[in-house]
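Q:
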Amino acid sequence: MTDTTDTTLNTKGITIKRTAVTFNTDTDSPVEALRPIDLDIAPGDFIALVGPSGCGKSTLLNVLAGFIKPTSGSALVGDEPITKPDIDHGVVFQDYALFPWLNVIDNVAFGLERQGIGKQERYARALDNLDMVGLKDSAYKKVTELSGGMKQRVAIARVFATDPSIILMDEPFGALDALTRRFLQHQLLEIWQKNRKTVVFVTHSVQEAVYLANRVIVMTARPGRIKLDHRIELDYPRDFASSEFRTLEKLVYDQLDEELAKTFSLEGGQGYSGD
Ligand SMILES: Nc1ncnc2c1ncn2[C@@H]1O[C@H](COP(=O)(O)OP(=O)(O)OP(=O)(O)O)[C@@H](O)[C@H]1O
Ligand SMILES: [Mg+2]
Numbered sequence: 015m016t017d018t019t020d021t022t023l024n025t026k027g028i029t030i031k032r033t034a035v036t037f038n039t040d041t042d043s044p045v046e047a048l049r050p051i052d053l054d055i056a057p058g059d060f061i062a063l064v065g066p067s068g069c070g071k072s073t074l075l076n077v078l079a080g081f082i083k084p085t086s087g088s089a090l091v092g093d094e095p096i097t098k099p100d101i102d103h104g105v106v107f108q109d110y111a112l113f114p115w116l117n118v119i120d121n122v123a124f125g126l127e128r129q130g131i132g133k134q135e136r137y138a139r140a141l142d143n144l145d146m147v148g149l150k151d152s153a154y155k156k157v158t159e160l161s162g163g164m165k166q167r168v169a170i171a172r173v174f175a176t177d178p179s180i181i182l183m184d185e186p187f188g189a190l191d192a193l194t195r196r197f198l199q200h201q202l203l204e205i206w207q208k209n210r211k212t213v214v215f216v217t218h219s220v221q222e223a224v225y226l227a228n229r230v231i232v233m234t235a236r237p238g239r240i241k242l243d244h245r246i247e248l249d250y251p252r253d254f255a256s257s258e259f260r261t262l263e264k265l266v267y268d269q270l271d272e273e274l275a276k277t278f279s280l281e282g283g284q285g286y287s288g289d
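Counted from 1, the sequence shown has number 185 at position 171 by my numbering; the numbering is strictly sequential.
Okay, structure coming up:
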């Protein structure tokens, strides 16, 4: 892949410093979700975050999105500590979170309105971003007329439309069928290569992680810590069937299997052999 990094692009690094989260609940004892984590993410990096269910991936993403305040430590975007949700930090979750009372183009233009951009430019930018995800022709449809995959494409167009400096994605393709997922992976990579946003992408799919990211992070079973931090140097587009790809998949699976075994024995199951 050619390096298209351009200093005029709005993209920032993320610094996670000794960040820990413990949830206090009224009924149960406190839940330690994240042990202190340190992580430096360079501007323009595409990070895939994988780990067993309940290990703290969404918690970490919620800290980066400003939805959860860490119990200790801090997280910064560029030089700015994250203290609250910010339109400069784009978020895409699994459940689309579109506004059903707005049509497609107004959903995509919503953040631009909040940025004080006039209607003509809002619509021009929204249409460009819808075009990027293949939905320009659906701009004036109601959200309720769209399929699940189309809704998720609108959510992606919306997040890129405001030109955020980081993009946080929590299993954005998890609920989609395999073909739509493949199509969106391809489109996301194209957009990322053009915009070089810093992306933190949570996924349960090892294949998806190795296909998309230039750095894969495997988390331990809860309390989440970093178990593996591996740079993926393969050129894009990547070939699922190549031996290099498969070797990397195995590396990630081997690390995950150990953690899955811990997760399932913790939950009182029969244990998990990892085979
Ligand atoms: N608001 C909350 N209050 C109490 N406990 C919470 C809260 N949010 C998350 N937890 C707990 O923190 C731990 C980490 O949850 P989190 O949602 O971050 O996991 P995850 O890695 O995203 O899992 P999954 O892969 O299943 O989405 C879990 O044990 C969960 O029950
Ligand atoms: Mg989660």
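Where a beta carbon is used, it is the ideal one built from N, C-alpha and C, also for glycine.
Can you name, in chain order, every residue of its own chain whose Cβ lies under 8 Å from the Cβ of ASP191, other than the five neighbours on each side?
A: GLY163
Q: Hey, is VAL216 close to ligand 3, as in C-beta under 7 Å from one of its heavy atoms?
A: Ligands displayed in this structure: ligand 1 and ligand 2; ligand 3 is not among them.
Q: Closest to ASP268 by CA distance: which of ASP59, VAL214 and VAL232 is it?
A: Minimum Cα distance to ASP268 is reached at VAL232.
Q: Compute every distance between the C-beta of ALA47 and the non-hydrogen atoms of ligand 1, then say whether any falls below 7 Å.
A: yes
Q: Taking the runs of the beta strand (DSSP E) that are 3 residues or longer, which of them lie wholly in the segment 94-165?
A: 103-106
Q: Rounded to the nearest angstrom, how far is the Cβ of PRO237 from that of GLU46, given a contact under 8 Å?
A: 4 Å
Q: State buried or exposed for GLU159, treating a residue as buried only when at least 16 other CB atoms are found within 10 Å of its CB.
A: exposed
Q: Let me know the beta strand (DSSP E) ranges lying completely inside the segment 208-285, each 3 residues or longer, listed in chain order.
A: Correct list: 212-216, 229-233 and 240-245.
Q: Between the Cα of VAL122 and those of LYS208, HIS103, ARG136 and ILE131, spot the shortest distance and give me the residue it belongs to.
A: ARG136
Q: Taking 7 Å as the cut-off, is the C-beta of ARG239 nearer than that to any heavy atom in ligand 1?
A: Result no, Cβ not under 7 Å from ligand 1.
Q: Answer yes or no: do PHE215 and ALA56 have a C-beta to C-beta separation smaller than 8 Å?
A: no
Q: Around the C-beta of ARG128, are 16 or more other C-beta atoms found within 10 angstroms, so that it is buried, or is it exposed?
A: exposed
Q: Which of helix, strand or coil does DSSP assign to ILE61?
A: strand
Q: Cα-Cα, which of THR36, GLY132, ASP93 and GLN166 is closest to GLY148?
A: GLN166
Q: Note down, in chain order, each residue of its chain lying with its Cβ closer than 8 Å to the Cβ of ASP20, except the 5 sequence neighbours on either side.
A: At ASP20 the pLDDT is 48, less than 50, meaning the model places this residue with poor confidence; the figure from the coordinates comes in the next sentence. These residues qualify, in order along the chain: ARG210.
Q: With a 10 Å radius around its C-beta and 16 neighbouring C-beta atoms as the bar for buried, classify TYR225 as buried or exposed.
A: Counting other Cβ atoms within 10 Å of its Cβ, TYR225 reaches 16 or more and is therefore classed as buried.
Q: Using a Cβ distance threshold of 8 Å, determine whether the segment 80-95 contacts the segment 24-34, with at least three qualifying pairs required.
A: yes
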